[in-house]
Amino acid sequence: MSTLEEISKSILIIERDDNTRETLKNFLKPHYSCATAKFVNEASELIKDKRFPVIFINCDTQKIKGTDFLSFIQNFSSNSAIIFISNEKSFDDALEAFRAGAFDYIHKPFELQQIEQTVVKAFQEYELKNLSDQYQNKLEGLVRSRTKQLDNALEDVENSYRATLKALIQALETRDFETHGHSERVVTFSLRLAHEVGLEEERMRDLELGALLHDIGKIGVPDMILRKPAKLSEREWEKMKIHPLQGYQILRDIPFLEGAARVVSQHHERWDGKGYPCNLRGEHIDICARIFAVVDAFDAMISDRIYRKGRSIEEATKELEKHAGAQFDPEIVEAFKGVPKEDWEILQERSMKNRQEIFSFQAIVDELVHKTQYFEMVH
131 MSTLEEISKS
141 ILIIERDDNT
151 RETLKNFLKP
161 HYSCATAKFV
171 NEASELIKDK
181 RFPVIFINCD
191 TQKIKGTDFL
201 SFIQNFSSNS
211 AIIFISNEKS
221 FDDALEAFRA
231 GAFDYIHKPF
241 ELQQIEQTVV
251 KAFQEYELKN
261 LSDQYQNKLE
271 GLVRSRTKQL
281 DNALEDVENS
291 YRATLKALIQ
301 ALETRDFETH
311 GHSERVVTFS
321 LRLAHEVGLE
331 EERMRDLELG
341 ALLHDIGKIG
351 VPDMILRKPA
361 KLSEREWEKM
371 KIHPLQGYQI
381 LRDIPFLEGA
391 ARVVSQHHER
401 WDGKGYPCNL
411 RGEHIDICAR
421 IFAVVDAFDA
431 MISDRIYRKG
441 RSIEEATKEL
451 EKHAGAQFDP
461 EIVEAFKGVP
471 KEDWEILQER
481 SMKNRQEIFS
491 FQAIVDELVH
501 KTQYFEMVH
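Printed below as a string of structure tokens:
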């Protein structure tokens with residue numbers, strides 16, 4: 131293996147003419163380590179084994195075009211300064227060589243003093259390129275390191291937000307015990323359906339947090355209405371119907387929750403425009419809110435209540451189909467039907483377990499989707 135010192139002072143001379151080759155070698159060897167080759171194939175083996183900061187090549191006497199060979203050299207030593215030697219003056223050949231990346235172009239006969247000056251400049255060029263590469267590599271490494279640190283810091287901040295929001299929603303759920311586990315279910319249900327719909331990755335966080343916080347506006351709903359065991363009066367129902375706007379008002383000034391706030395404010399809108407609070411219709415409703423509306427209704431149907439037992443997944447799915455195109459986006463209902471029943475069962479069962487640890491809803495769903503895809507591949 132060549133030492134750095136050997137590399138820093140190495141020159142390769144590729145010249146078919148014996149007299150020119152030996153003249154250059156003898157002139158340069160007092161100050162440089164010179165290797166020589168008569169033909170390109172011989173030079174190729176030398177270049178593969180060792181880096182040469184400066185390479186002379188006669189572009190007129192080789193079996194392949196000199197500029198083509200330059201590309202070969204650059205694959206092994208991109209910073210090498212290539213000096214072309216030509217047997218005759220040719221502006222077009224010189225221009226082509228420079229375009230291909232040559233450092234200099236010398237035609238015969240040449241003065242040895244000219245060679246000496248060119249070699250000194252060529253080594254300077256090589257050193258500058260190396261320094262530039264080292265700086266670039268160091269800079270890129272620093273950027274990667276800082277980016278990773280920033281990503282970790284942002285992830286920690288997001289996890290802290292999630293932990294705080296999850297604790298807030300758990301506190302809210304204690305006001306209405308019938309909704310135990312509801313927030314977790316609709317979050318994981320939403321993310322699972324979003325995978326099936328093909329929701330963009332950058333919208334997943336909006337959907338996750340919007341689903342988690344969808345009922346935050348109920349903080350402003352009195353207990354006598356929220357926990358009333360009987361049917362709500364018309365006046366009470368009107369007060370209940372403002373909770374999406376109350377939730378939006380709570381979240382609207384938090385940039386981190388901008389997308390989630392749309393889910394909160396629109397999750398009771400309907401595809402046919404007969405929902406509340408703003409009577410939005412069709413695709414004017416945020417895609418995340420449309421996904422959530424389907425799973426929110428699904429969860430309400432399969433969950434037990436004091437006054438009734440929850441429906442089966444099959445029955446709930448038929449009910450969603452019945453209202454597709456009216457209450458729900460029909461394409462999202464169709465995607466819902468593509469999710470295996472077992473996925474809903476797993477997520478439903480998980481939500482009912484009593485545990486306090488903070489976990490990633492996304493990770494739960496990603497693991498479930500991965501298992502489903504793997505099962506489909508092996509079968």
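Numbering (our numbering), first residue to last: 131 to 509. Just so you know, even glycine gets a beta-carbon here, dropped at the ideal spot from N, CA and C. Values in this document were obtained by computation on a predicted structure and should not be read as measured data.
Item, Value
"Nearest to K371 (by Cα), restricted to the options I384, L381, I349", "I349"
"Every unbroken alpha helix (DSSP H) inside the segment 361-395 [4 residues or more]", "364-370, 373-381"
"Which of helix, strand or coil DSSP assigns to D336", "helix"
"Beta-carbon contacts of A391 that lie in its chain and below 7 Å, excluding the five residues immediately before and after", "Y378, L381, R382"
"Helix, strand or coil at F186 according to DSSP, with G and I counted as helix", "strand"
"Residue range of the alpha helix (DSSP H) that includes H118", "In this structure the chain extends from 131 to 509, so residue 118 is not present and cannot be described."
"Beta-carbon contacts of H398 that lie in its chain and below 8 Å, excluding the five residues immediately before and after", "K371, P374, G405, Y406, P407, A423"
"Neighbourhood of K168 by C-beta, 6 Å cutoff - its chain only, sequence neighbours within 5 removed", "R146"
"Segment contact, 8 Å Cβ cut-off, at least three pairs: the segment 321-336 with the segment 354-366", "no"
"V249 to N156 span [Cα, whole Å]", "14 Å"
"Sequence-distant residues of the same chain with beta carbon closer than 7 Å to I194, five excluded per side", "In this prediction, I194 scores a pLDDT of 47, lower than 50, which makes its location untrustworthy; no coordinate-derived value is stated."
"Check whether E494 and L477 have beta carbons under 9 Å apart", "Going by the sequence as given, residue 494 is Ile instead of Glu. Cβ distance < 9 Å, so I494 and L477 count as in contact."
"Beta-carbon gap between I213 and I177 smaller than 9 Å", "no"
"Under 9 Å between C-beta atoms of H344 and V393", "yes"
"Contact set for K471: own chain, Cβ-Cβ below 7 Å, skip 5 residues either direction", "I443"
"P385 versus S262 - alpha carbon distance", "41 Å"
"From A427, K452, E451, residue whose alpha carbon lies closest to that of G440", "A427"
"Residues that DSSP places opposite I143 in a beta bridge", "T166, F186"
"Continuous alpha helix (DSSP H) assignments of at least 4 residues falling wholly in the segment 386-464", "388-396, 417-432, 443-452"
"Y256 to A165 span [Cα, whole Å]", "18 Å"
"Cα-Cα separation between S207 and I144, rounded to whole angstroms", "16 Å"
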